[in-house]
Amino acid sequence: MSTTVPWHRVRELGSKLTTPLHPDDYLRLVNPLWTARELRGRVEKVVPETDDAATLVIRPGWGWQYRHRPGQYVGIGVQVDGKFQWRSYSVSSPPERSGRTIAITVRAMPEGLLSAHLVQGLAPGTIVRLALPEGDFVLPDPPPPRMLFLVGGSGITPVMAMLRTLDRRAGENGRAMPDVVLHYSSPTPDRMIFRDELHAMAERHDGLALHELHTDLDGMLDLADLDRICPDWRERETWACGPGPMLDAVEAHYEEAGLADQLHLERFSLDLRGEGGEGGTITFRNSGKSIEADGATTILEAGEQAGVGMPFGCRMGICHTCTLRLVDGTIRDLRNGDEFGQPNEPVQTCITAAVGDCTFDI
Amino acid sequence: MAIADVKEYTHLTEEEVEQIGRELDAIRTEIEESRGAADAAYINRLIRIQRGLAAAGRVTLAVGTQSKKTRKPAWVAGAALLGLAKILENMEIGHNVMHGQWDWMNDPEIHSSNWEWDTAQPAEQWKHSHNYVHHQFTNVLGYDNDIGYGILRMAREQKWHPANIGQPVYNAMLATLFQWGVALHDLDIERIRKREKDPKEMKRQLRQILRKGRNQILKDYVVYPALSGRNWKATITANATANLARNLWSYVIIFCGHFPDGAMHFTEEELEDETRSEWYLRQILGAANFEGGPLLHILSGNLGFQIEHHLYPDLPSNRYAEIAVKVRALCDKYDIPYTVGPLHRQYGQALRTIIKLSLPNHMTSSDDPAPPQRSDTANEPSLDRRRKSDEERPPRRVELGAWTRSAGERSHD
Chain A
1 MSTTVPWHRV
11 RELGSKLTTP
21 LHPDDYLRLV
31 NPLWTARELR
41 GRVEKVVPET
51 DDAATLVIRP
61 GWGWQYRHRP
71 GQYVGIGVQV
81 DGKFQWRSYS
91 VSSPPERSGR
101 TIAITVRAMP
111 EGLLSAHLVQ
121 GLAPGTIVRL
131 ALPEGDFVLP
141 DPPPPRMLFL
151 VGGSGITPVM
161 AMLRTLDRRA
171 GENGRAMPDV
181 VLHYSSPTPD
191 RMIFRDELHA
201 MAERHDGLAL
211 HELHTDLDGM
221 LDLADLDRIC
231 PDWRERETWA
241 CGPGPMLDAV
251 EAHYEEAGLA
261 DQLHLERFSL
271 DLRGEGGEGG
281 TITFRNSGKS
291 IEADGATTIL
301 EAGEQAGVGM
311 PFGCRMGICH
321 TCTLRLVDGT
331 IRDLRNGDEF
341 GQPNEPVQTC
351 ITAAVGDCTF
361 DI
Chain B
1 MAIADVKEYT
11 HLTEEEVEQI
21 GRELDAIRTE
31 IEESRGAADA
41 AYINRLIRIQ
51 RGLAAAGRVT
61 LAVGTQSKKT
71 RKPAWVAGAA
81 LLGLAKILEN
91 MEIGHNVMHG
101 QWDWMNDPEI
111 HSSNWEWDTA
121 QPAEQWKHSH
131 NYVHHQFTNV
141 LGYDNDIGYG
151 ILRMAREQKW
161 HPANIGQPVY
171 NAMLATLFQW
181 GVALHDLDIE
191 RIRKREKDPK
201 EMKRQLRQIL
211 RKGRNQILKD
221 YVVYPALSGR
231 NWKATITANA
241 TANLARNLWS
251 YVIIFCGHFP
261 DGAMHFTEEE
271 LEDETRSEWY
281 LRQILGAANF
291 EGGPLLHILS
301 GNLGFQIEHH
311 LYPDLPSNRY
321 AEIAVKVRAL
331 CDKYDIPYTV
341 GPLHRQYGQA
351 LRTIIKLSLP
361 NHMTSSDDPA
371 PPQRSDTANE
381 PSLDRRRKSD
391 EERPPRRVEL
401 GAWTRSAGER
411 SHD
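Residue numbers (UniProt numbering), protein chains in the order written: chain A, 1 to 362; chain B, 1 to 413.
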């Protein structure tokens, strides 16, 4: 896209013709990617990685910013039975200034309706909705001289974006790969996503040491073994991504060693550790519905129980699709106990619960 | 006559009324559970068609009027395409999306919280005056501003005033300028006249109407004519014709909803301790359907199924036809009056009421159908028809789709 054309000025003029709609509301009917109102992308390729995982190569439409940082995730919304379902996945491709596509790698979860749909059901050409990259599980620039990655299963995807970035830089301008140790656990060799690419990468760079662990044969990683696998782990900045129990163990291990500061974690599930609210009656003003909810039920769940057409996205507090206007009352963020209660404040409903009676504008 | 108690009027027992409520709830659940890809495809297809028609109409007018040979047919085709697009947008798309009929799709582009429709009335005010006031207090005297819109006397219980003699004229004006009548509806002319309206709120609403109305006028009467070059006059008249066609059509459809003879009014007593099941009954007794083919129903936003729309304002409109079969069977089973007729008869009855009620009651006869059973309250004047003040009503909606307003405007409210 050329930077010389003042696109926003053009759109503003166009909106005089299309008011009360936006020009994009018409243009997207000509080409689905010609709209910045809701970000969209077209699935260009579906690359099978393992039996149950695939990489989706997506070409984003107008309004996309390609400057994601390696390790960040994007939201992806797909219409299933007429209803948009949203999930967040790490971008596995490295950021490219000249890039026109992004890649996400998805593993089908046995109980995950959407992940199975993404892996098996998306034909090239499908239009999906996108949410801009977010997350602070990222590779710093410049990277620290010594790094350790602790990865379990599909937790490889954000790490892959970081490794590909390091690999590309090493290739492009001869900057040496920093001293990287990657410990990668997977049930079997077959289920190991990116196995071949990682092998090739390790071969290319002396700085990259790859430890594979096949947990079906050899059992889970015992963190006491870290001293053997990577004797200098205490001196390395560490990124860990994988299943919840693994991350809990890693977190505890680093805290015990007094090294919590140099550990970066990426959790792909909601961690509601904050105190609950007291609950109360939640009123949905526009639809005239209301429901009693306890302090552990999120506003979103309560609204859905009451039969209100609540907007939602990731359901874990990151994408802000679920934001509604709190007209009256107080709510509490279940992650950290923060309270919100200004009249007409926009709040996220998927991670908050009622503290007494409250009213929403929907 | 106005009904003070729906149970009494329909001679149903409390148990029967509750049973009807449960059966109507079951119909809702069935539809909610079967909403899916086909419904989503319907609304998306309709939006595509509507925007295509609008674009085709604009282009036909801008290009086709340039040559002398094509000027006339282009004017006719352009005005027709544009009028059709405006009708579809207002009736089947805008009205229904703002009711939340498509919120279940979780698509922010087709959601009640941020839809803005192609008419002068700002969506926020519509959602208050229509979704809340009219649908909650349907046909209750003194509560529902849609009984005559503060301009016409549409119920015998409303006090006659000499100014009512002009009703046929006001009616014709309302039909012609319908979009502007709708635009002013939430201001509540009657309350302003009685100086009961909060001046601050009135100013805010007026600002909103002016802002939206200005953009609508600019679009149809300045920008597109300017793009037509020296044939700007043809574009102005075609756009005015399209707006007029939409005004007349939406006026007729809306007057067929609650003004034909079978649609009853209610007094305030009915609202007291009204259960959900009684609310359902009031919706059936207060609304009137009209018959027609699928195309007529789409062009009227499926408001020919006014009864079903009032029972389930937030279920997808494309399902009303199948819901109507079930609701009608239920009404037959319990001998509940179900008003339906051809469009011309329904509108004819509404027009007759407008003309009749321009005169005092003693000069005309009532056209109300005989109730299923005599009610004690027949022909008694209602007690207190005072309009509720803002304090007596629940708080109003202040939010409009965030993307249609700048941050500065939001902070004013």
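Yeah, the Cβ is synthetic: ideal placement off N, Cα and C, and Gly gets one too.
Please state the DSSP three-state secondary structure of residue i.
i: E274 (chain B); result: coil
i: D179 (chain A); result: strand
i: Y132 (chain B); result: helix
i: N379 (chain B); result: Annotation note: pLDDT 48 at N379 (chain B) (below 50); position unreliable, no value reported.
i: V5 (chain A); result: coil
i: D25 (chain A); result: helix
i: P32 (chain A); result: coil
i: S290 (chain A); result: strand
i: Q179 (chain B); result: helix
i: R214 (chain B); result: helix
i: N361 (chain B); result: helix
i: Q208 (chain B); result: helix
i: T297 (chain A); result: coil
i: S92 (chain A); result: coil
i: P60 (chain A); result: strand
i: A131 (chain A); result: strand
i: W403 (chain B); result: Any reading at W403 (chain B) is ruled out, since the residue's pLDDT is 31, under 50, leaving its predicted position unreliable.
i: T126 (chain A); result: coil
i: L296 (chain B); result: helix
i: R385 (chain B); result: Note that R385 (chain B) scores a pLDDT of 47, beneath 50, so its modelled location is shaky; the value from the coordinates is reported in the next line. DSSP places R385 (chain B) in coil when its eight states are reduced to three.
i: M1 (chain B); result: coil
i: V6 (chain B); result: helix
Is the beta carbon of residue j closer than 8 Å to that of residue i?
i: T35 (chain A); j: R28 (chain A); result: yes
i: L56 (chain A); j: Q85 (chain A); result: no
i: P369 (chain B); j: G286 (chain B); result: no
i: R267 (chain A); j: G288 (chain A); result: no
i: L182 (chain A); j: V151 (chain A); result: yes
i: D357 (chain A); j: N286 (chain A); result: no
i: I307 (chain B); j: N289 (chain B); result: yes
i: E278 (chain A); j: V355 (chain A); result: yes
i: A234 (chain B); j: T65 (chain B); result: yes
Residue i touches chain A at which residues, Cβ-Cβ below 9 Å?
i: I136 (chain B); result: Reading off the sequence shown, one finds Gln at residue 136 (chain B), where the question assumed Ile. Under the 9 Å cutoff, chain A gives G288.
i: G78 (chain B); result: Within 9 Å Cβ-Cβ: nothing; G78 (chain B) doesn't reach chain A, min ~15 Å.
i: R230 (chain B); result: Those within 9 Å of R230 (chain B) in chain A number zero; the least Cβ separation is about 19 Å.
i: G100 (chain B); result: N286, S287, V308, G309, I362
So residue i contacts chain B; which residues on that side make the cut at Cβ distance below 7 Å?
i: Q79 (chain A); result: A40
i: I362 (chain A); result: S113
With a 10 Å radius around its C-beta and 16 neighbouring C-beta atoms as the bar for buried, classify residue i as buried or exposed.
i: G258 (chain A); result: exposed
i: V10 (chain A); result: exposed
i: E15 (chain B); result: exposed
i: residue 414 (chain B); result: With chain B running from 1 to 413 in the structure shown, residue 414 (chain B) is simply not present.
i: M192 (chain A); result: buried
i: A302 (chain A); result: buried
i: L115 (chain B); result: Note on residue identity: the sequence assigns Trp, not Leu, to residue 115 (chain B). Buried.
i: N90 (chain B); result: buried
i: L130 (chain A); result: buried
i: A172 (chain B); result: exposed
i: G309 (chain A); result: buried
i: V45 (chain A); result: A quick correction: the sequence has Lys, not Val, at residue 45 (chain A). The residue in question, K45 (chain A), is exposed, as its Cβ has fewer than 16 Cβ neighbours within 10 Å.
So which residues of chain A does residue i contact, with C-beta pairs closer than 7 Å?
i: K127 (chain B); result: N286
i: G36 (chain B); result: D81, G82
i: K219 (chain B); result: K16, L17, T19
i: V223 (chain B); result: K16, L17
Cβ closer than 8 Å: which chain B residues qualify as neighbours of residue i?
i: P311 (chain A); result: D103, N106, P108, H111, S113
i: P300 (chain A); result: The sequence shown places Leu at residue 300 (chain A), not Pro. Per Cβ cutoff of 8 Å: no residues; L300 (chain A) is ~11 Å from chain B at best.
Taking Cβ-Cβ distances shorter than 8 Å, what residues in chain A pair up with residue i?
i: D314 (chain B); result: S287, G309
i: N131 (chain B); result: N286
i: E116 (chain B); result: P20, L21
i: K200 (chain B); result: Neighbours of K200 (chain B) on chain A: none; closest Cβ ~16 Å, over 8 Å.
i: N215 (chain B); result: K16, T19, P20
Original post:
Which whole runs of the alpha helix (DSSP H) in the region 317 to 343 of chain B are 4 residues long or more, in chain order?
Top reply: Every alpha helix (DSSP H) of 4 residues or more that sits fully in the region 317 to 343 of chain B is shown, in chain order, as 320 to 334.
**OP:** Could you name each continuous alpha helix (DSSP H) segment of 4 residues or more that falls completely within the region 20 to 105 of chain B, going from the start of the chain to the end?
**Re:** Correct list: 37 to 64, 71 to 88.
**OP:** Scan the region 152 to 216 of chain A and note each continuous beta strand (DSSP E) run of 3 residues or more that stays entirely inside, going in chain order.
**Re:** Here the runs fully enclosed are 179 to 186, 208 to 214.
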